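Have a look at the structure below, then the notes.
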Amino acid sequence: MSTPSKADQHWQKTRRLTLVLLLIWILVTFVFNWFARELNDLVIYGFPVAFYMGAQGLLVIYLLIIWFYNRQMRKLDAEYGEDEA
Amino acid sequence: MFGHFTRLQRYYLMYTGSFLVFIFSLWVLERHGMPPRWIGYAFLFFTISIYAAIGIVSRTSDVSEYYVAGRRVPAFFNGMATGADWMSAASFMGLAGTLYLSGYQGLAYVIGWTGGFVLVALLLAPYLRRFGAFTIPDFLGARYGGNTIRLVAVGSAILASFVYVVAQIYGVGVITSRFVSLQFEIGVFVGLAGILVCSFLGGMRAVTWTQVAQYVILIIAYLTPVAILSWNVTGVAVPQLAYGKVLQEVTRLEHELFNTPAEVEVRALFKERADQYAQKIMQLPYSLVHERDALTTEINTLKASDAQMRDIVALERQRRELPHDPAEARQRWENLMFSAVDRSKPPIHHAEVFPGDTPEIQNALRINFLALIFCLTVGTAALPHVLIRYYTTPTVREARESVFWSLLFILLLYVTAPAYAVFAKYEVLTHLAEIPIAKLPGWVAAWTKVGLVTIEDINRDGVLQLAELSMNPDVIVLATPEIAGMPYVVSGLVAAGALAAALSTADGLLLTITSALSHDVYYRIFRPGASTQFRLVISKSLLLVVALLAATVAAQKPGTILSMVAWAFSIAGSAFFPALVLGIFWQRATRLGALAGMLSGLLLTLYYIVRLEFTAIPWMGLRDIGMAPWFNIQSTSAGVFGVAFGFAVTIGVSLLTRPDSAAEKFLTIVRRSRSTS
Chain A
1 MSTPSKADQH WQKTRRLTLV LLLIWILVTF VFNWFARELN DLVIYGFPVA FYMGAQGLLV
61 IYLLIIWFYN RQMRKLDAEY GEDEA
Chain B
1001 MFGHFTRLQR YYLMYTGSFL VFIFSLWVLE RHGMPPRWIG YAFLFFTISI YAAIGIVSRT
1061 SDVSEYYVAG RRVPAFFNGM ATGADWMSAA SFMGLAGTLY LSGYQGLAYV IGWTGGFVLV
1121 ALLLAPYLRR FGAFTIPDFL GARYGGNTIR LVAVGSAILA SFVYVVAQIY GVGVITSRFV
1181 SLQFEIGVFV GLAGILVCSF LGGMRAVTWT QVAQYVILII AYLTPVAILS WNVTGVAVPQ
1241 LAYGKVLQEV TRLEHELFNT PAEVEVRALF KERADQYAQK IMQLPYSLVH ERDALTTEIN
1301 TLKASDAQMR DIVALERQRR ELPHDPAEAR QRWENLMFSA VDRSKPPIHH AEVFPGDTPE
1361 IQNALRINFL ALIFCLTVGT AALPHVLIRY YTTPTVREAR ESVFWSLLFI LLLYVTAPAY
1421 AVFAKYEVLT HLAEIPIAKL PGWVAAWTKV GLVTIEDINR DGVLQLAELS MNPDVIVLAT
1481 PEIAGMPYVV SGLVAAGALA AALSTADGLL LTITSALSHD VYYRIFRPGA STQFRLVISK
1541 SLLLVVALLA ATVAAQKPGT ILSMVAWAFS IAGSAFFPAL VLGIFWQRAT RLGALAGMLS
1601 GLLLTLYYIV RLEFTAIPWM GLRDIGMAPW FNIQSTSAGV FGVAFGFAVT IGVSLLTRPD
1661 SAAEKFLTIV RRSRSTS
């Protein structure tokens, strides 16, 4: 059983990580798409950028966000002795 | 990971292998003359008996096994099961069609339905798993205390899930009637049987393992036809990579074809027709009387002369088929007017973002695009049948990891859907547009017969203009095998995949509804002392009742059901999302605050949908309740207001009420990282 302050630290770090990743998510989902019309003038390998991001790019970014979150949480759990596996 | 497989992985690899062998042997049989109908039956029989076998093997009489699969599902398999649970008949058949019809605008669904899983991963899944309840109302009940919030949660869960389940069963009816030519109503009850064999005996445990099996079938069925089509068109069998070049070609063809004189003429003719209907509607009831009189006079003059009997009969039939009263005439003519208006509009360029002539129109499209993404993400993160899947993993860590696998498995389909749309558009622009109607490819005629494709040569030049063609969205995925000239066995495979998508989602939803009723209402509120055996009896009987009810509703072919599914996301989002997120991240949130927030968010969403979609509700005595949308936002995105309002009310009321002392204890459990088993 960890001491309360240790558990508090764990929670604080979790919260900070969540907030940062959530902001990135909002940025790519809402801010980016707000400017989709402008971004679509760029064309890479036949794909207009906004179309390509909506159809594939964003989805991969989402996957990376979740992957990164899981990795950091595994580290945090290990660091604070909360590892359960 | 590939070095040593677990026992489960070996089982599912063997299963996948035998499914591929099954497809291959059917293909061989088809080449030796097996009729298409038998191929359809073979797929239907084979897949449903696999689901039934899994259901029977996983039968259980243990409460924890029944509600949360004993919390023993590894992250990888839970990801697959969630994928099947999540992807419904609409994702499988409808999404590619929506993308075909609306181009870039349709990507809101792709973005929203995947982006929601980031919210699930960061904000919900680990915390739900750590507390380790059976249902979502259970979690809310424990966090805020009291039965009222539990009941509100049960009500919202049922509201969001029931229409959804009806739509899945409806989908099963459509698929079976189309591919094995069963009667629609019989198809619905075949689907019902398919659902019950999985969930009745084994609850969540059986549903989980069938969903994994269903995922394998649905993803093979979705990827195969478009990969072959991509190979035919571009020489690359990875459609997700190859369609960029095709999209460029599509854009070039669009510029070439959209404004040819013939196209412009056809659109003008449709505009003319729309105006005629508008005029006729304005002049009701006189216009209806006038039309009938005109036909009568014509028939009489024909009868007086020595005209062909056949012409007279045709005119008489035309007169018989006129609307019977002004109300019917208004409805029928309005539909005809709207479809003519649709066809009179210049078509959208596939890759163009927020198309519109003026900045105002472009802005309205942009706002709606973002609002729809918002509602779909928040709804994804609040639909109970998805969230309960994360109760089934052994640990919190595996719950987190299974969100990753879920999104990966879901991505495979969503990344492919835009490719379907682009390839279909390429086919239409190269092999259909400006081609003499007599020389159209065979698949067009086949689907015209079923009524999913309609062609009307309005300018009578014998050549198909784009505006003269209209396609039902479902046709894109269903017809791709024929477009690519593949054997019927591929069409059968697609049907089996669509069936798997519909059944797996229906299973998850049905279980959510029954566990909300049996666990939360019956056990937690009415009879906390009920024995475990009796609780399962109640669960199973409720499952039967709800399933029968859903099938009965689906058999009525309710026309509005498909649009109602889009509302489920807004409803679930505004009812659950603020209460769940604030409950986990804000200790100060109180019972009254959450209750007020859930109710007001939900009611605002419902209010907005009703006032936008209906002008009158006769049985409630309401008239003239239609209103103009706020900020041009459509009813499918009603959740934007509901969720925001729900957050505001929850925070406001919580600050006005005294803090709950129980919240701290609950939150130390939920936020700590040790799992309670």
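Residue numbers (the working numbering), protein chains in the order written: chain A, 1 to 85; chain B, 1001 to 1677.
All C-beta atoms, glycine included, are put in the ideal place defined by N, C-alpha and C.
Remember, it's a predicted structure, so these values are computed and weren't measured experimentally.
Distance between beta carbons of residue j and residue i, contact taken as under 8 Å
i, j, result
"residue 1400 of chain B", "residue 1125 of chain B", "6 Å"
"residue 1426 of chain B", "residue 1246 of chain B", "5 Å"
"residue 1175 of chain B", "residue 1506 of chain B", "Contact doesn't hold; Cβ gap of about 12 Å is too wide."
"residue 1218 of chain B", "residue 1092 of chain B", "6 Å"
"residue 1169 of chain B", "residue 1551 of chain B", "5 Å"
"residue 1088 of chain B", "residue 1417 of chain B", "Wrong, their Cβ atoms sit about 13 Å apart, outside the cutoff."
"residue 1492 of chain B", "residue 1046 of chain B", "Rounded, the Cβ-Cβ distance is 10 Å, inconsistent with contact."
"residue 1108 of chain B", "residue 1369 of chain B", "5 Å"
"residue 1157 of chain B", "residue 1346 of chain B", "Their Cβ separation, rounded to whole angstroms, is 44 Å, which puts residue 1157 of chain B and residue 1346 of chain B out of contact at 8 Å."
"residue 1191 of chain B", "residue 1172 of chain B", "3 Å"
Sub-8 Å separation of residue i and residue j beta-carbons
i, j, result
"residue 1510 of chain B", "residue 1112 of chain B", "no"
"residue 1455 of chain B", "residue 1437 of chain B", "yes"
"residue 1631 of chain B", "residue 1367 of chain B", "yes"
"residue 1688 of chain B", "residue 1419 of chain B", "There is simply no residue 1688 of chain B to check, as chain B begins at 1001 and stops at 1677 in what is shown."
"residue 987 of chain B", "residue 1483 of chain B", "The displayed coordinates of chain B run from 1001 to 1677. Any statement about residue 987 of chain B would go beyond what the structure contains."
"residue 1144 of chain B", "residue 1476 of chain B", "no"
"residue 1637 of chain B", "residue 1348 of chain B", "no"
"residue 1351 of chain B", "residue 1251 of chain B", "yes"
"residue 1512 of chain B", "residue 1388 of chain B", "yes"
"residue 1193 of chain B", "residue 1054 of chain B", "no"
"residue 1075 of chain B", "residue 1393 of chain B", "yes"
Beta-bridge pairing of residue i - partner residues as DSSP gives them
i, result
"residue 1220 of chain B", "In DSSP, residue 1220 of chain B forms no bridge with anything."
"residue 1454 of chain B", "B/1470"
"residue 48 of chain A", "A/43"
"residue 1436 of chain B", "B/1463"
Short CB-CB distance (under 8 Å) between residue i and chain B
i, result
"residue 7 of chain A", "yes"
"residue 74 of chain A", "yes"
"residue 54 of chain A", "yes"
"residue 47 of chain A", "yes"
"residue 50 of chain A", "yes"
"residue 23 of chain A", "no"
"residue 16 of chain A", "no"
"residue 85 of chain A", "Because residue 85 of chain A sits at a pLDDT of 40, beneath the cut-off of 50, its placement in the model cannot be relied upon, and the point is left open."
"residue 68 of chain A", "no"
"residue 32 of chain A", "no"
"residue 27 of chain A", "no"
"residue 42 of chain A", "no"
"residue 36 of chain A", "yes"
Within-8 Å CB hit, residue i to chain A
i, result
"residue 1373 of chain B", "yes"
"residue 1639 of chain B", "no"
"residue 1578 of chain B", "no"
"residue 1022 of chain B", "no"
"residue 1651 of chain B", "no"
"residue 1676 of chain B", "Caution is warranted here: a pLDDT of 40 is assigned to residue 1676 of chain B, below 50, making its placement in the model unreliable, and the coordinate value is therefore given only provisionally. Not one chain A Cβ lies under 8 Å of residue 1676 of chain B."
"residue 1071 of chain B", "no"
"residue 1085 of chain B", "no"
"residue 1441 of chain B", "no"
"residue 1215 of chain B", "no"
"residue 1001 of chain B", "Legend: pLDDT at residue 1001 of chain B = 42, less than 50; position of this residue unreliable, value from coordinates given subsequently. No, residue 1001 of chain B does not count as interfacial toward chain A."
"residue 1401 of chain B", "yes"
"residue 1253 of chain B", "no"
"residue 1110 of chain B", "yes"
"residue 1683 of chain B", "For chain B, the structure presents residues 1001 to 1677; residue 1683 of chain B sits outside this window and is missing."
"residue 1029 of chain B", "no"
Exercise for the section: Spell out a yes or no on whether the segment 1198-1213 of chain B and the segment 1111-1130 of chain B are touching, meaning 3 or more CB-CB pairs, one atom from each, closer than 8 Å. Expected result: no
Problem - At least three beta-carbon pairs within less than 8 Å, the segment 1538-1555 of chain B to the segment 1507-1519 of chain B - result: yes
Handout entry: Touch test, the segment 1656-1667 of chain B against the segment 1588-1598 of chain B, Cβ-Cβ under 8 Å, three pairs minimum
Key = yes
Handout entry: Cβ pair count under 8 Å reaching 3, the segment 1318-1335 of chain B against the segment 1279-1291 of chain B
Key = yes
Exercise for the section: Take every Cβ of the segment 1266-1281 of chain B, pair it with every Cβ of the segment 1465-1479 of chain B, and state whether three or more of those distances are shorter than 8 Å. Expected result: yes
Practice task
Report yes or no: do three or more beta-carbon pairs, one from the segment 1598-1606 of chain B and one from the segment 1333-1340 of chain B, lie closer than 8 Å?
Solution key: no
Practice task
Would you check if the segment 57-72 of chain A and the segment 16-25 of chain A touch, i.e. whether three or more CB-CB distances between them fall below 8 Å?
Solution key: yes
Exercise for the section: Examine the Cβ distances between the segment 1022-1034 of chain B and the segment 1147-1167 of chain B and report whether three or more of them are shorter than 8 Å. Expected result: no
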